[in-house]
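>
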Amino acid sequence: MRIIKATLEHLDLLTPLFVKYREFYGQLPYPDSSRSFLEKRLKRDESVIYLALADDDANKLLGFCQLYPSFSSLSLKRVWILNDIYVAEDSRRMLVADHLMREAKKMAKETNAVRMRVSTSANNEAAQKTYESIGFRKDTEFESYILPIHQD
């Protein structure tokens, strides 16, 4: 497989798998809104998306990951948030996620980031094992909280 950085030219290839990713997490498909969302992230340089492509077919997307930049005030350095990672069902057990995360880690090093962050469902043991195999450690120092913002 080949890992490449996504550009606007990859939107038609990426959107269907991004929709499947959203559905995996219980969201409605919304293919047009999903494509628009990805297009805005890429046009505005608000995220970095890596694609895993089959060696023998440049139009076969095996998986993707999307990272968002953030910063650490305490370390005065960049942080990358590995927000989305998904592997096509017929490409699982082929180490696609490992290859994507290794490319993301390489980019984090090249941008002098202090760390990458990732979150997953508490019951997603397969993802947890994959993250740990790459070198992620469970954060035992800080608790995470969320504040839902409702548009009333």
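All letters in the sequence shown, in the order written, are residues 619 to 770 by our numbering.
Every residue, glycine too, gets a C-beta built ideally from N, C-alpha and C.
1. My output table needs one value for I752: the three-state DSSP class, helix, strand or coil.
2. The beta strand (DSSP E) with F689 in it runs from where to where?
3. Thinking just about the alpha-carbon of each residue, which of A670, L626, D674 is nearest to the one in D663?
4. Going by Cα to Cα distance, which pick from N701, L692, H768, I622 is closest to S739?
5. Which term fits T748, buried or exposed, when burial requires 16 or more other beta carbons within 10 angstroms of its beta carbon?
6. Let me check understanding here. Comparing Cα to Cα, which of N677, E761, S654, R696 lies closest to Y685?
7. Determine, using beta carbons only, whether M734 and A722 come nearer to each other than 8 angstroms.
8. Specify the secondary structure class of D770 as computed by DSSP and reduced to three states.
9. Pull up the CB-CB distance for L718 and I703, whole angstroms please, since I reckon it's below 8 angstroms.
The answer reads as follows:
1. Within the sequence shown, the letter at position 134 stands for residue 752. Looking at I752 - three-state DSSP - the assignment turns out to be helix.
2. Within the sequence shown, residue 689 is the residue found at index 71, counting from 1. That run of the beta strand (DSSP E) goes 675–690.
3. Against the sequence shown, residue 663 aligns to sequence position 45. Closest by alpha carbon: L626.
4. Along the sequence shown, read from residue 1 onward, the residue named residue 739 stands at position 121. Checked all of N701, L692, H768, I622; the closest Cα to S739 is N701.
5. Taking the first residue of the sequence shown as position 1, residue 748 is located at position 130. By the 16-neighbour rule on beta-carbons within 10 angstroms, T748 is buried.
6. On the sequence shown, position 67 is the one that residue 685 refers to. The residue you asked about is not Tyr; residue 685 is Leu in the sequence shown. Residue nearest to L685 within the set N677, E761, S654, R696 is R696 (criterion: CA-CA distance).
7. The residue labelled residue 734 in the question sits at position 116 within the sequence shown. The residue labelled residue 722 in the question sits at position 104 within the sequence shown. Judged by beta-carbon spacing, A722 lies within the 8 angstroms limit of M734, meaning their Cβ atoms are closer than that value.
8. Position 152 of the sequence shown, counted from the start, is the residue given in the question as residue 770. Coil.
9. Counting from one through the sequence shown, the residue named residue 718 turns up at place 100. Counting from one through the sequence shown, the residue named residue 703 turns up at place 85. Confirmed, about 6 angstroms.
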